[in-house]
Every structure is written in structure tokens, then in C-alpha cells.
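As given, the protein sequences belong to chains A and B, one line each in that order.
Counting from 1, one number per residue, gives the positions in the first sequence under the working numbering.
Counting from 1, one number per residue, gives the positions in the second sequence under the working numbering.
We treat Cβ as the ideally placed atom computed from N, Cα and C, and that holds for glycine.
Presented below is the structure to which this report refers.
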Amino acid sequence: SQQGEEDPQALSIQEGENATMNCSYKTSINNLQWYRQNSGRGLVHLILIRSNEREKHSGRLRVTLDTSKKSSSLLITASRAADTASYFCATDGQGAQKLVFGQGTRLTINP
Amino acid sequence: DGGITQSPKYLFRKEGQNVTLSCEQNLNHDAMYWYRQDPGQGLRLIYYSQIVNDFQKGDIAEGYSVSREKKESFPLTVTSAQKNPTAFYLCAAARGNQPQHFGDGTRLSIL
């Protein structure tokens, strides 16, 4: 079953703007991960945030986690055309090695 | 991801036919996974294996079978019992609780 729900389902912004995607989940987790998928390709891991962390940065990526609200957000700053992709959150609520993925946000960066 | 090789990239199945999708990894990861992705959707877990000669059903195992005779290989067979097999199939591998590495997928269609 899909534990993660992502919002919005699609997002289109101008190059240089910031993009924010949200993920909600239902059960307790140890960590939450974000992945990117370019069209027709496999997923690429972006960042992992543990349940005892509230915020994590990696380059232009900023992830927050609110376990009380069971939600996370992914912020991409200064977006580029190459950021165009689908972004998925994944949680380990069903076991450490069994990830449950959200339905994803399709991000389009317009030049 | 160069560490996970899925083949073929495109596959066509006739009615009543079983087909096997290949997944090979050179990352020496213990755990391997098979996911199904339908258009515009997230990933759903079909089967996973944490060690050689052992595997568990995921959320949508009906109509699929797997084997794990070698650490490097985790083939997925889509049987004739799977009535709606058209989808994008992704294989992944992971070490312990580390993020999963994905192959570039196999797109299966029905003739």
C-alpha cells in the first residue's frame, strides 16, 4: 500500500525559482528518503533524513521532517532545467529494508 | 546506475506467455528488490530478497515469481497469471539500511 502522499502532483516553475514538494506518511518511521527519477530512467537517491533530525541540507536541496505531523518537505533552491524530473519520498514504516514510496511530484523547470 | 544492470530495456509479452526480466548487480549488496511502476504513479514492491536463497513477497506479488540463487542476480518472471503486466519494472539493491541503488528499468508491453 502507498504510505506516502505527495503534494503537489505536478509543479511547473521558471528557472531560478525555488521548488517545494511535500510528503505525508501514516506510520512511525526510522528515516525518510527522497529520490529523483528522470523520464524513463531508474530512481536516484537524493537525501536521507532520520526521525531524530528536523532539517538536512545537501547542495541546493533542503529537507525538513516533522514527525509530529508525519510530513516532510523537499526544497530545491535556484532551480535549473536539469532539475526537471519526478521526485518521490520513501519511508521505512514497514521495516528497515522495505521502503514505501509516494506517488511523486512531477517537476518541470521552464527556461 | 552503473552498478545495477537490467535487461532487456523493452520487452513484449504474448498472451499466455511467461517472460523473465534480468537484474544483475556488481555492488556486492545483500538485499535486492523488484518494483512495478504504472504511468504517473509511485513504485509498488513486488518481491524482495535480503540474502541468497531467500525472498519475501511484497505488496503485489500475485502473478510474479523470483529466484535468488546468486548474490549478484535476482530475476523476475512475469507469469501468464499476471493479467495486467504492462508496466515499468525497476530493480534495486541495497546494503543494510543504506539507500537503494536502482537500475534503469525494463518496460514490458503486451502484444
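Euclidean distance between Cα positions of B/T5 and B/E24: 5 Å
Exposed unless 16 or more other CB atoms sit within 10 angstroms - verdict on A/G59: exposed
DSSP state of B/D54 mapped onto helix, strand, coil: strand
B/Q41: first and last residue of the uninterrupted beta strand (DSSP E) it sits in: Premise fails: B/Q41 is in no beta strand (DSSP E) and is neither H nor E.
Cutoff 7 Å: B/Q41 Cβ touching any chain A Cβ: yes
Buried or exposed (CB count within 10 angstroms, at least 16 for buried), A/P111: exposed
Limits of the unbroken beta strand (DSSP E) element including B/A87: A87 to A94
Closer than 7 Å to chain A by CB, B/L90: yes
Residues, ordered as in the chain, of the stretch 87-98 of chain A that lie near chain B by beta-carbon distance below 7 Å: F88, A96, Q97 and K98
Residues that DSSP places opposite B/R131 in a beta bridge: Shown here, chain B extends from 1 to 111; a query on residue 131 of chain B therefore has no answer.
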